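For reference, the structure is listed below as structure tokens.
2 protein chains.
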Amino acid sequence: MAQEYPQLLLNNQLCFPLYACSRKIVGSYTPFLKPLGLTYTQYLVLMVLWEHESMSVGQLGNILYLDAGTLTPLLKRLEKAGYVTRERSKDDERITIISITEAGNQLKEQCKDIPSKISAGSSALTREEAGELYRMLYVFLKEE
Amino acid sequence: MAQEYPQLLLNNQLCFPLYACSRKIVGSYTPFLKPLGLTYTQYLVLMVLWEHESMSVGQLGNILYLDAGTLTPLLKRLEKAGYVTRERSKDDERITIISITEAGNQLKEQCKDIPSKISAGSSALTREEAGELYRMLYVFLKEE
DNA sequence: TTCAATTATATTGCGCGCAATATATTTATG
DNA sequence: CATAAATATATTGCGCGCAATATAATTGAA
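The following block contains the structure:
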């Protein structure tokens, strides 16, 4: 059947390649993360904590664009694995402070070569193009 | 804590903005799709069927980069809603043929203005930039 | 022709991702 | 000071998304 509404064609939408691409690239981390017992989202959380050491659930959510419904159970799994601690702030009992543990910091050593292995496979874009892509994605992210 | 491995900084990775961006844009469809009782992925499936009318589960998966583990339950929900039918091929009983129904085709009328409403909110990129973004995403998608 | 390999879909299990709601704490207001 | 509003996190429910496994049909090779 011919499509009388060209705007409804999959190939005319920016959203679909973005969605498919995101899943594909996130999936490309699995071979490296699964042996460590990590998911991609857990890896993102750890990257933030490797940089900042300690942070509230809400701050983590602001940085990663995730809410407590996603983060709370994920953080409990990381806690159970021994990579983070969860404790209520003394100053404000509403806030839960997440901190990286010694074991969590040691994971960094096992993860430090992952980015280069990932980007090795996706050399189809030049450095400039990748930079431009990065910039455009942040235009969307920062919007409104 | 300073990060001794700059490649592990969130802001140095292309994958994260892609992942966050994808979720944000997919989420922007919700206000339009939820009143119709559809999810974004169901909407993608319907877009393919509005164009092609009838197709196997495997073909749908090839187009949308999704596997039977995702598609089978999703298609059963669309069947239950009356938007598609699922029947085994006469020629090859392994194949399940998905076909759009009358009711499924009528949904097209209610969806035809969604793309313009979505892109209206994301006018931060010029037409040329959007085209360039689209092209780069497909470079990743088609890779290997 | 028989049976092993291949193909197509379905099922199971688990971790998101997010909307909606609940709970507890803090802040603001009268 | 009492209490209503705001804030931060937790819980619940549901639909993906995907790996792993299962099932059934078809194809291929001896």
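As given, the protein sequences belong to chains B and W, one line each in that order. Quick note on this note's numbering: the first sequence kicks off at 1 and runs consecutively. Quick note on this note's numbering: the second sequence kicks off at 1001 and runs consecutively. Even for Gly, the Cβ is constructed at its ideal location relative to N, Cα and C. As the structure is a prediction and not an experimental result, all values here were calculated from the model.
Within 8 Å (strictly less), CB to CB, does residue i reach chain B?
i	result
Lys1034/W	no
Ile1025/W	yes
Leu1115/W	The displayed chain sequence assigns Pro, not Leu, to residue 1115/W. Cβ-Cβ to chain B under 8 Å: yes for Pro1115/W.
Ser1056/W	no
Leu1038/W	no
What is the residue span of the beta strand (DSSP E) that residue i lies within?
i	result
Thr1085/W	Val1084 to Arg1088
Thr96/B	Thr96 to Ile100
Quick one: give me the first and last residue of the alpha helix (DSSP H) that residue i is part of.
i	result
Thr1126/W	Looking at the DSSP string, Thr1126/W is not in any alpha helix (DSSP H), and its letter there is neither H nor E.
Glu1041/W	Note that residue 1041/W corresponds to Thr in the displayed sequence, not to Glu. Counting along the chain, the alpha helix (DSSP H) containing Thr1041/W begins and ends at Tyr1040 to His1052.
Ala1068/W	Ala1068 to Lys1080
Tyr1019/W	Cys1015 to Leu1033
Asn62/B	Val57 to Leu64
Alpha carbon to alpha carbon, how far is residue i from residue j?
i	j	result
Ile1118/W	Leu75/B	33 Å
Glu79/B	Asp113/B	24 Å
Glu4/B	Phe32/B	45 Å
Ala81/B	Ala1103/W	49 Å
Asn1062/W	Ser89/B	49 Å
Thr1072/W	Thr1085/W	12 Å
Glu1129/W	Leu1038/W	30 Å
Tyr1065/W	Met1047/W	14 Å
Thr1030/W	Tyr1040/W	7 Å
Phe145/B	Asp1092/W	With chain B covering only 1 through 144, there is no way to say anything about residue 145/B.
Gly58/B	Thr1101/W	45 Å
Gln1110/W	Tyr1043/W	11 Å
Pro115/B	Gly69/B	28 Å
Asn1011/W	Lys1142/W	25 Å
Ala1020/W	Gln1106/W	33 Å
Arg1127/W	Tyr1138/W	17 Å
Glu87/B	Leu1009/W	25 Å
Tyr134/B	Met1136/W	11 Å
Leu1049/W	Leu49/B	44 Å
Ser1022/W	Gly1131/W	17 Å
Leu1036/W	Leu1060/W	22 Å
Asp1067/W	Tyr1083/W	20 Å
Lys1108/W	Arg77/B	42 Å
Pro6/B	Leu1125/W	21 Å
Between residue i and chain W, is the shortest Cβ-Cβ distance under 8 Å, so that the two count as touching?
i	result
Val48/B	yes
Glu93/B	no
Leu154/B	Outside the shown range of chain B, which is 1 to 144, sits residue 154/B, and nothing can be said about it.
Any residues in the segment 1065 to 1091 of chain W with a beta carbon nearer than 7 Å to a beta carbon of chain B? Which ones, in chain order?
Tyr1065
Which residues, taken in chain order from the segment 1129 to 1142 of chain W, show a beta carbon closer than 8 Å to some beta carbon of chain B?
Glu1129, Ala1130, Glu1132, Leu1133, Tyr1134, Met1136, Leu1137, Tyr1138, Val1139, Phe1140 and Leu1141
Please confirm if the segment 1008 to 1020 of chain W is in contact with the segment 17 to 27 of chain B, defined as three or more CB-CB distances below 8 Å between the two stretches.
yes
Quick one: which residues of the segment 1097 to 1113 of chain W get their C-beta closer than 8 Å to a C-beta of chain B? List them in chain order.
Lys1108, Cys1111 and Lys1112
Any C-beta of chain W within less than 7 Å: which residues of the segment 4 to 20 of chain B qualify?
Tyr5, Gln7, Leu8, Leu9, Leu10, Gln13, Leu14, Cys15, Phe16, Pro17, Leu18, Tyr19 and Ala20
Count Cβ pairs between the segment 1045 to 1055 of chain W and the segment 1097 to 1108 of chain W that sit closer than 8 Å; are there 3 or more?
yes
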